[in-house]
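Just so you know, we're using the numbering used here here: the sequence shown kicks off at 246 and counts up by one.
Just so you know, even glycine gets a beta-carbon here, dropped at the ideal spot from N, CA and C.
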Amino acid sequence: MKLCYDLTYENSKLRLYAARNFVYCTLSMTDDYAGGLWNNDIMHQAVSDCGDLSKDTFAILRNQSGKVFKKPYTAPRCEYHQHAKEEKCGSETPAQGAKDEWWSDHPGSNDWRGSGPTSDQW
């Protein structure tokens with residue numbers, strides 16, 4: 246995680262995906278999952294080593310407001326790449342494994358920290 250954050254800029258789409266995956270692992274995996282790969286000590290060290298990951302994690306968690314957290318790979322593809330608003334997206338279908346109802350109810354949004362349709366879901 247630290248390498249991802251070291252090599253990217255604030256609000257990058259890769260950070261968005263990494264932070265969502267980190268939150269997903271935090272909420273869905275037990276301490277002994279995958280031989281301890283995501284145990285509490287390792288996850289604590291990750292947020293201790295990377296202040297931006299810590300901030301992004303809390304931003305995502307606080308915007309959950311009691312909602313069920315979706316698997317990051319089920320978000321629309323537009324969530325993880327950039328193009329101009331007026332530009333037609335080449336990925337107008339959800340990522341493989343995404344649920345059709347999610348796609349129809351939550352159009353892509355570039356704002357993942359608190360406003361817009363993305364924060365309602367994430």
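| query | Which residue's Cα is closest to the Cα of L252: D297, K333, E324, T302? | reply | Scanning D297, K333, E324, T302 for the CA closest to the CA of L252 turns up D297.
| field | CB of K316 within 8 angstroms of CB of Y278, strictly | value | No, the Cβ-Cβ distance between K316 and Y278 is not below 8 angstroms.
| field | Candidates R307, C334, Y254, W283, of which the one nearest A266 by Cα | value | The residue asked about is misnamed: residue 266 is Asn in this sequence, not Ala. Measuring from the Cα of N266, the nearest candidate turns out to be W283.
| request: Compare the C-alpha of T319 against each of Y262, A304, K247 and name the closest. | output: Among Y262, A304, K247, the Cα nearest to that of T319 is on Y262.
| request: Look at the alpha carbon of H326 and the alpha carbon of M246, and state the distance between them as a whole number of angstroms. | output: In a straight line, the C-alpha of H326 is about 19 angstroms away from that of M246.
| Rounded separation between R307 and K300 - CA only | For R307 and K300, the gap between their C-alpha atoms comes out near 11 angstroms.
| said: Just to confirm my understanding: we take K258, look at its own chain, exclude 5 residues before and 5 after, and list those with CB closer than 7 angstroms. What are they? | reply: Scanning its chain for C-beta atoms nearer than 7 angstroms, with the 5 sequence neighbours on each side dropped, one finds around K258 the residues Y325, H326, Q327, in chain order.
| What is the rounded straight-line gap between the Cα of M274 and the Cα of L248? | One C-alpha to the other measures close to 22 angstroms.
| query | Hey, how far is the Cα of Y254 from the Cα of M288? | reply | Taking C-alpha positions only, Y254 is separated from M288 by approximately 22 angstroms.
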